Each structure stands twice: as C-alpha cells, then as structure tokens.
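With our numbering as the guide, the letters of the sequence shown map in order to residues 64 to 193.
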Amino acid sequence: MANKNYEKIQYWREKLTDEQFRVLRLKETEVPFSGKYLDKKEEGIYYCSGCGSPLFDSDTKFNSGCGWPSFFAAINDTIDVKQDYSIGMLREEILCSQCGGHLGHVFNDGPKPTGKRYCVNSISLNFKTK
Numbered sequence: 064m065a066n067k068n069y070e071k072i073q074y075w076r077e078k079l080t081d082e083q084f085r086v087l088r089l090k091e092t093e094v095p096f097s098g099k100y101l102d103k104k105e106e107g108i109y110y111c112s113g114c115g116s117p118l119f120d121s122d123t124k125f126n127s128g129c130g131w132p133s134f135f136a137a138i139n140d141t142i143d144v145k146q147d148y149s150i151g152m153l154r155e156e157i158l159c160s161q162c163g164g165h166l167g168h169v170f171n172d173g174p175k176p177t178g179k180r181y182c183v184n185s186i187s188l189n190f191k192t193k
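The following block contains the structure:
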C-alpha cells in the first residue's frame with residue numbers, strides 16, 4: 064500500500080507545478096486576492112488544473128469579496144464535498160470528483176438560486192472560453 068501511495072504522489076509531483084501540488088494535493092490555500100481568476104469576467108468553463116474535468120461555468124461566477132473566485136453552482140456531479148476540521152472548525156471542503164484534487168470550500172452564504180458560495184483557489188483551475 065505504501066508503494067502505491069508513493070507512486071501516486073510521484074505522479075502528481077511530475078504532473079503539477081509546485082504551487083498546484085501544494086494546493087491540489089496538500090490542501091493548502093493560495094493568498095487571498097492573488098489568484099489569476101479572481102476578477103476574470105470572460106464567458107467560458109473552468110476546469111480542474113489537475114485532471115481537466117469541467118467544474119464551473121462562468122455563468123455561475125460572482126464577486127463575493129472573499130478574495131477567491133466564487134461560484135454559486137458547480138457543473139453537475141463534478142464536485143465532492145467532505146467535512147474538514149483542519150482549522151479547528153467544521154467547514155465543507157470541495158474536491159474534484161474525478162481526481163480528488165482540493166479546490167477550496169463551499170459555504171451557505173451565496174446568492175440565489177442555490178445559496179451556495181463555492182470559494183475556489185485559482186491555481187486549482189484552468190479556464191477556456193466558450
């Protein structure tokens with residue numbers, strides 16, 4: 064089992080940049096207001112920078128003021144949600160359902176129609192115009 068975990072880590076180390084690896088695999092967070100997609104307004108799709116799975120449509124992006132790109136909905140069945148107690152409080156971590164990469168967290172203070180705020184690290188995303 065340990066060898067399989069080592070192989071998985073090596074695979075991601077080779078595929079990702081150091082910053083992508085820290086966020087997607089080690090679950091770190093980029094500095095607020097520093098991400099390249101925070102103020103992006105073009106129409107398109109945001110994909111997982113780890114595996115390329117489509118995650119968010121730009122039609123669901125909004126300015127939450129939190130310092131990270133925010134979306135009120137994910138593309139169907141592309142996000143897994145897991146309880147996260149890493150900072151001593153309960154949060155809901157969001158992960159790419161395809162590769163398990165850490166994307167950020169989801170909160171229940173977003174706009175209608177969902178009331179959700181998917182708060183995502185830009186480094187976890189790639190963008191392609193429609």
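Idealized CB from N, CA, C, for every residue including glycine.
Remember, it's a predicted structure, so these values are computed and weren't measured experimentally.
Unbroken beta strand (DSSP E) run spanning residue i, endpoints
i, result
"residue 192", "188 to 192"
"residue 158", "154 to 159"
"residue 182", "180 to 183"
"residue 151", "Neither: residue 151 is in no beta strand (DSSP E) and is coded neither H nor E."
C-alpha distance - residue i paired with residue j, whole-angstrom precision
i, j, result
"residue 121", "residue 193", "9 Å"
"residue 107", "residue 137", "13 Å"
"residue 73", "residue 162", "15 Å"
"residue 116", "residue 159", "8 Å"
Exposure label - residue i; buried when at least 16 CB within 10 Å
i, result
"residue 142", "buried"
"residue 164", "buried"
"residue 110", "buried"
Item checked: Segments assigned beta strand (DSSP E), at least 3 residues, entirely inside the segment 67 to 141 -> Whole beta strand (DSSP E) segments, 3+ residues: 107 to 111, 117 to 120.
Next item on the list: Flag this pair as touching only if the segment 125 to 137 and the segment 169 to 182 have three or more C-beta atom pairs under 8 Å; answer yes or no.
Entry: Yes: the two stretches touch, three or more of their Cβ pairs being nearer than 8 Å.
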